[in-house]
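In my numbering, the protein residues as written are 7 to 197. To start, the structure itself, in structure tokens.
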Ligand code: SF4
Ligand code: SF4
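Here is the structure:
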């Protein structure tokens with residue numbers, strides 16, 4: 007399949023049409039992650055319009071987008087940019103284009119949820135820093151965040167931790183992004 011055909015498939019799966027976007031930029035203006043993105047939501051749509059799939063798949067945008075939906079809410083033409091970003095993320099994963107720091111964060115987050123049933127921010131940050139080999143990243147903010155009760159030292163464990171861990175373990179068996187979206191071309195699903 008050519009990149010042109012792949013892009014057309016991603017757009018169809020996301021139910022997004024390139025020329026619904028007239029590049030007003032309201033999506034980028036409301037995106038909480040835009041400052042960290044190397045391709046802002048408006049840019050994603052521009053790349054889709056000119057057929058630049060590679061630029062989308064190699065951007066950090068597809069790994070930084072939180073799926074909050076603010077861009078879609080603000081769009082005067084109801085263009086669902088996060089749906090397209092999500093499709094692009096799956097396509098990048100199929101092509102082995104994942105980012106090391108995103109994978110590290112995902113692993114640290116899942117380990118955290120399995121242990122406590124909810125996120126413990128301090129542990130997540132610590133695990134991420136160790137695994138991503140960035141031991142002092144954001145450490146200067148810790149005293150301020152502790153003082154303001156934005157993070158806590160002790161984890162706040164929920165009652166159903168075991169059940170949550172079991173759910174995650176079942177989901178981990180479905181670790182192929184194509185399987186996870188029900189679009190697998192893999193004949194057999196691992197059990
Ligand atoms: S807000 Fe909608 S129309 Fe405007 S640039 Fe973003 S996607 Fe395009
Ligand atoms: S869904 Fe993604 S791209 Fe859209 S505003 Fe939220 S973080 Fe930004």
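Beta carbons: idealized from backbone N, C-alpha and C, even for Gly.
{"Query": "Check: residue 35 C-beta below 7 Å from any heavy atom of ligand 2", "Result": "no"}
{"Query": "Integer Cβ distance of residue 27 from residue 83, believed to fall under 8 Å", "Result": "7 Å"}
{"Query": "The region 139-152 touching the region 82-100, judged by at least three CB pairs closer than 8 Å", "Result": "no"}
{"Query": "Span separating the alpha-carbon of residue 19 from that of residue 33", "Result": "20 Å"}
{"Query": "Proximal residues to residue 53 (C-beta, below 6 Å), its chain only, five neighbours per side dropped", "Result": "61, 62"}
{"Query": "Contact check, residue 51 vs residue 72, beta carbons under 8 Å", "Result": "no"}
{"Query": "Straight-line Cα distance separating residue 100 from residue 193", "Result": "Note that residue 193 scores a pLDDT of 37, beneath 50, so its modelled location is shaky; the value from the coordinates is reported in the next line. Their backbone Cα atoms lie some 16 Å apart in a straight line."}
{"Query": "Close Cβ partners of residue 171 (< 6 Å) along its chain, the five nearest in sequence each way excluded", "Result": "120"}
{"Query": "C-beta atoms of residue 86 and residue 98 nearer than 8 Å", "Result": "no"}
{"Query": "Outcome for residue 48 when other beta-carbon atoms lying within 10 angstroms are tallied against a minimum of 16", "Result": "buried"}
{"Query": "Chain-order list of residues whose beta-carbon lies under 6 Å from that of residue 157 (same chain, five-residue window excluded)", "Result": "127, 128, 151"}
{"Query": "CB of residue 9 within 8 Å of CB of residue 89, strictly", "Result": "no"}
{"Query": "Beta carbon proximity, residue 105 to chain B, threshold 8 Å", "Result": "No chain B is present in this structure, which holds just one protein chain."}
{"Query": "Nearest neighbour of residue 46, chosen from 70, 144, 23, 163 [CA to CA]", "Result": "70"}
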